[in-house]
Every structure is written in structure tokens, then in C-alpha cells.
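Asker: First residue of the sequence shown? That's 120 in this note's numbering, and the numbers climb one at a time after it.
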Amino acid sequence: MQRTRIMNEINQILTAGSVDVIIEALKRKSVCVPSWDKLIKDYEPKEHEIVTDTVTRKNKVKTDGSVEKASRIYLGLEKLLTRRMTEFTFAIPVKRVYHNIEDNETRQSIAKAIEAIYKYARIDAENIRRGNAYYAACEICTIWYAVEKPNSLYGFRSKFKLKCNTYSPMDGVSLYPLFDERGDMLAMSLEYTKKILDKEITYFETYTANKHYKWKQENNRSWEEVTNEPIVLMKIPAIYAYRDSAIYADLSYIRKEIEYTLSRNSDVIAYNSAPILKVAGGMQGKEDKGESRRVFRVENGGDVSYVSWAQSIEALKYHVETLTNSFWSQSQMPDISFEKMKNLGNIGYDARQTLLTDAHLKVGDEAGNWLELLDRESSIVKAFLSLMNVQWKEEIDNVDVENIITPFIQNDEKNEIEKLTTANGGKPILSQLESIKALGYSNDPEATLKQIQEEEAVAEESKGSINVHFDLFIIMFLVLKGRAL
């Protein structure tokens, strides 16, 4: 019923009239997202106001006609915050836990195939890319598609290989999701421009549950259809996510104040960097420049000295540090720069967790949207897999995929091993072979284990031989002692 309703609505749009009318209808965005043209002015340091401000940052024209440029110090705090947020979210790769696969070899094979799809699609790197785009540009769209390439990467022979590509306004791609009043996606459209043989061609692509359309436009002429192909997946092979504001929203004014403070102070330092000579009293004659020294003659009571410039450095330092701390505090991100971290010393794992509490809470606050996106992505991957291996079609929906996001924290393997060993009643948690593999020093862990076992056997044999000889020595000693008595 729901699928029929959705298809009826999108068919009404796609049959509304000419291609121009159809594309105009598909461009009616169902969500409100900040414009990247405005966001980039805060995100990109070279786009900051201080770079082009000629009102409060005027260049000075000297009497000889030369120009002394005003200092313009810009900081990329918004870009750094975006990267920090992405790193805290995805530096530790998303973990997938598969449920309902116990005691079922087919479902276990399906789980392994899904993991292989993510692995060869380089999903961890993709998460970093779309994390930066999502936090900075406020919207992303990932399209999954199959390319014909025979392989056995997924545990079975397949004609196709699955890939994915993420689009965002940062890449010059305009996204147009179309939802109905219930929040169900009717279509996902992309608009972008390519330069082909000195011609700029605009493309507009639309994905529905059963069709993929592609049009092109040259020199603002009428749209021309390029592609009209069926989607056998029977669902839109795209995942879309958006946010109401960038991760650095309402923080740019702090960065702006820091930039202007540092730039003004830089001008003051430059102006006062040249030494000033103070002469008290009258000068007698001209400066006498000797071979090894310079001599000034002044009248009685006169003096010649350089004037040192005293600046209130502490006040400036306090002001900038307070603004910087305020920026990171309001963003709920810790300042983990080298200068800050080197003063912490060798603190323990629990202390690091406490220091990163605010950041972990922030990741938890953002994780809901990500988990919704990742769950939809798993559904698309399973749908593709059911077509690539029809023998698994009946079992694929029985495999539950749970995505887990772990906020970043420095690994403390000793602490983890002690915790798990304690939970295991003090017994080992890894076999000897597994520990050799985990260390990674050996090129052939099984051969290394065999060599260790052989060396231990030789050592035990030698130890037994020594014990036998020692026992014989004691017996002979006692015998000889008895004869002596």
C-alpha cells in the first residue's frame, strides 16, 4: 500500500510535462539546509572577512608612495573543529555486530559477505569523507551502485562489485531530496557541472525506487535525456542526511575577534619594531663614526639612549587565550593541540576518559543521525547482496546488523587486557597462536608457535635430565657417606 502510494506520487511528478517542468518540480527541496555559499565564508580561512576588509584594516600609504599593508591574520578554527568532530566520531572505525546468525552457516556466510562489501568499498575512509562534509556543509548523499567486474571477494563468485560514492555541496554538487508528508523519500536528485572539451555541461540525475534518470544541459539550452534505466533493487540506492546548522554555528564571531585582535597587535609590533633614539640636551656637532664605535657629543647634562617599547603582553595573551578556550568550550570539543597535551604528562586511561567526557557526550548527541544513516545503508547493502547471490535471498532479511559508533580515545591495551582477564576469572583471554598473530612481528605465526613449542619441549627435557643427574648425585653421596661411617 505504502509503496503504491509513493510510486503514484513520484509518477505524477515525472509525467507533469516537459523536462524543464519535471526538473523544476524535483528541485523543490523538502528540507531546509543552510547554503554552502554562506557556510564556506566561515569554513574556509581565506574567505574570512579579515582577508578583504579594507575599512578597519586599511593599508598605509607612505610619503614616498610605498604601501605598508595592514596585517591580516586568519585562523581556520571552523575547519579544525570540523575535522576534530569527524575524528572523534570515526577515528575508531564503526563496528558492526551481527545478530541472529548463531548456529546457521548460511547467515554466518552472509555476515562475512556484508563485511567484505564494506571492506572493499573502503567504508572507513568513506565515513571520514562524509563526516567532514556533513559537519561542515550540513548535508550528504551516498549512492551505492554495482559495476560489472567478475570476482570472488565476497565469498562467492559474482559478476558485480559494489561501490559507493558520497556527494555534498563541498564538491560542487547540489542535492535535492524529495520527501512526502510522512517523511518517506520519493526521489533523490543531484545536480553538478562537468567540463568536457572546453564545454561546461550541467547534469541532473534522479533516483527513484525503480528508475534512474539522467539529463544534461548545454549553454542553458533545453534539458536532454541521457539515461533512463530501471533499478532492479526496487528501492532508492541512496542514503541522505542533513542538519539544521553547521557544527561551528554561532562560534565564528569568537574566531573573528581573535583574528582582529592578533592582526591589530601585529601592526603595533611592526610599527614599534624599529629602534628609537632619544637625545636629551643639545647636540654638539655631528655623529662621530669611528672604526669600532659611534660617538655622539652632547652638552652638559645631556644623554643619548634607545627607547624601549613596553607592551602589555600579559593582557593580550589572556584575552586571546580566553577567547580560544571559549571557542572550544562552547563547541564541546577539547583543545587537543600539542601545546595543551604536552602539559598533561603520562596520565592514566581513566583520567583520559574523564578529560574527554564533553567530547564523548557530543558524539553521543550526534550519533543518532549517523546510526539512522548507517542502518539504512546496511539495508541497501543487503538488498544488493540478495540480487548478487539469489541463494541467500530467503535468509538475508533474518540477519540483523547493528552499527556501533565508539568515540575516540587513545588505546590502553594493558588496561583492556586486565579488565577482560578479571572478567574472565583470571584465565587467559587469547590462545598462544592468537597472541602471536595480534603482535604482528611474525610472518608465519603458526610456524613461530611450532618453533616455540619445540624449544619448550627441549627445555623441559633438559630440565628433566638435570633433575635425574642431581638425584643420582644425592644417592651416591649418601652411599659414600654411609660407607665412611
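Backbone N, C-alpha and C fix where the C-beta goes; we use that ideal spot for every residue, glycine too. The structure presented is a predicted model; accordingly, all values stated were derived computationally and were not measured.
Counting only runs that start and end within the stretch 502-581, where is the alpha helix (DSSP H) found for 4 or more residues in a row?
Answerer: 512-515, 532-542, 551-558
Asker: Cα separation between GLU143 and SER364?
Answerer: 26 Å
Asker: Thinking just about the alpha-carbon of each residue, which of ILE455, TYR390, ASN508, LEU442 is nearest to the one in ARG202?
Answerer: ILE455 is the residue among ILE455, TYR390, ASN508, LEU442 whose C-alpha sits nearest the C-alpha of ARG202.
Asker: Can you give the Cα-Cα distance for GLU245 and LEU309, rounded to whole angstroms?
Answerer: C-alpha of GLU245 to C-alpha of LEU309: approximately 19 Å in a straight line.
Asker: Return yes when the Cβ of THR325 is within less than 8 Å of the Cβ of TYR332, no when it is not.
Answerer: At a Cβ-Cβ threshold of 8 Å, TYR332 and THR325 count as neighbours.
Asker: According to DSSP, simplified to helix, strand and coil, what is ASP484?
Answerer: Of the three classes helix, strand and coil, the one that applies to ASP484 here is helix, per DSSP.
Asker: Nearest by alpha-carbon distance to TYR217: which of GLN570, SER450, ASP494, ARG374 is it?
Answerer: ASP494
Asker: Look at the alpha carbon of TYR367 and the alpha carbon of CYS257, and state the distance between them as a whole number of angstroms.
Answerer: 11 Å
Asker: From TYR359, PRO547, SER382, THR541, pick the residue whose C-alpha is nearest to that of VAL152; which is it?
Answerer: TYR359
Asker: Please return the same chain residues whose Cβ sits closer than 6 Å to the Cβ of GLU343, not counting the five positions on each side in sequence.
Answerer: LYS335
Asker: Just list the residues that DSSP pairs THR261 with in beta bridges.
Answerer: The partner list for THR261 (beta bridge, DSSP) reads THR285, ILE358.
Asker: Under 7 Å Cβ to Cβ from LYS318, same chain only, skipping five residues before and after it: list those, please.
Answerer: A distance below 7 Å between beta-carbons, with the five flanking residues on each side excluded, links LYS318 to the following residues of its chain, in chain order: GLU337.
Asker: Whose CA, out of VAL138, GLN572, GLU197, lies closest to the CA of PHE323?
Answerer: VAL138
Asker: Quick one: is SER503 buried, meaning 16 or more other Cβ sit within 10 Å of its Cβ, or exposed?
Answerer: A small correction: the amino acid at residue 503 is Phe; Ser does not occupy that position in the sequence shown. When all chains shown are included, PHE503 counts as buried.
Asker: Using 8 Å as the threshold, is the stretch 474-482 in touch with the stretch 521-530, meaning 3 or more CB pairs across them?
Answerer: Contact between the stretch 474-482 and the stretch 521-530 is present: 3 or more CB-CB pairs across the two stretches fall below 8 Å.
Asker: For GLU514 versus ARG226, is the C-beta distance shorter than 8 Å?
Answerer: yes
Asker: In angstroms with no decimal places, state the Cα-to-Cα distance between ALA240 and VAL500.
Answerer: 11 Å
Asker: Checking the sheet assignment: what are the DSSP bridge partners for ILE315?
Answerer: LYS318
Asker: By how many angstroms is the C-alpha of ILE247 removed from the C-alpha of THR134?
Answerer: 39 Å
Asker: Identify the continuous beta strand (DSSP E) that holds ARG215 and give its terminal residues.
Answerer: 214-218
Asker: Could you round the C-beta distance between ARG374 and GLU168 to whole angstroms and report it? I think they count as a contact, below 8 Å.
Answerer: Actually they do not touch by this definition, with Cβ atoms about 10 Å apart.
Asker: According to DSSP, simplified to helix, strand and coil, what is GLU206?
Answerer: In the structure shown, GLU206 sits in a helix (DSSP, three-state: H, G or I).
Asker: With distances taken from CA atoms, which of ASN562, TYR560, GLY559, ILE555 is nearest GLN572?
Answerer: Of the candidates ASN562, TYR560, GLY559, ILE555, the one whose C-alpha sits nearest the C-alpha of GLN572 is ILE555.
Asker: Would you call the stretch 187-196 and the stretch 280-297 in contact, with 3 or more CB pairs under 8 Å?
Answerer: At 8 Å Cβ cutoff, the stretches do not touch.
Asker: Does the distance from the C-beta atom of LEU568 to that of ALA557 stay below 8 Å?
Answerer: no
Asker: Determine whether the beta carbon atoms of ALA399 and GLY421 lie at a separation below 8 Å.
Answerer: With contacts defined by Cβ atoms closer than 8 Å, ALA399 and GLY421 form a contacting pair.
Asker: Whole-angstrom Cβ separation of VAL170 and TYR193, contact assumed at under 8 Å?
Answerer: So it is a contact: roughly 6 Å between Cβ atoms.
Asker: Quick one: what does DSSP say ASN338 is sitting in, helix, strand or coil?
Answerer: coil
Asker: Let me make sure I understand the geometry here. Which of GLU485, THR261, ASN444 has the alpha-carbon closest to that of ARG362?
Answerer: GLU485
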